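Undergrad:
Numbering (my numbering), first residue to last: 12 to 117.
1) Taking the C-alpha atoms as reference points, what is the distance between residue 78 and residue 34?
2) Round the Cβ separation of residue 71 and residue 36 to the nearest angstrom and send it over; I've been treating them as touching at under 8 Å.
3) Mapping the DSSP letters down to three states, classify residue 46 as helix, strand or coil.
4) Let's test the definition: count the other Cβ atoms within 10 Å of the Cβ of residue 64 and tell me whether it reaches 16, buried, or not, exposed.
5) Tell me which residues share the same chain as residue 42 and place their Cβ nearer than 6 Å to its Cβ, disregarding the 5 neighbours each side in the sequence.
Now the structure itself:
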């Protein structure tokens with residue numbers, strides 16, 4: 012599966028548009044990560060625990076989107092956009108949404 016943020020695949024022709032596909036992941040950030048991040052907020056530096064959670068959620072959303080495109084018979088997803096939101100009480104949940112257009116290439 013070719014995944015790209017561009018509206019086309021270089022050197023390939025889009026033969027058929029299969030539709031818009033999404034991948035969504037909502038994950039909770041646990042107490043220990045919050046605690047470690049609050050320390051980083053005070054002393055400075057990067058919060059590796061939050062970064063790891065963000066990377067994992069993004070990869071899962073991309074994989075889910077890719078799987079849905081494959082179910083439609085697509086071999087690429089173009090125009091991919093990734094959005095991040097925080098949800099829930101005290102913003103304790105992270106939502107990552109990946110969306111794009113599933114296409115069949117010539």
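Heads up, the beta-carbon is just placed ideally off N, CA and C, and yes, glycines get one too. Keep in mind the model is a prediction, meaning the values are calculated, not measured.
TA: On the basis of the coordinates in this document:
1) 9 Å
2) 5 Å
3) A caution first: residue 46 carries a pLDDT of 49, below 50, which makes its placement in the model unreliable, though a value can still be read off. The answer is helix: DSSP assigns residue 46 an H, G or I state.
4) buried
5) Because residue 42 carries a pLDDT of 45, less than 50, the predicted location of this residue cannot be relied on, and the following value inherits that uncertainty. Same-chain partners within the cutoff: there are none.
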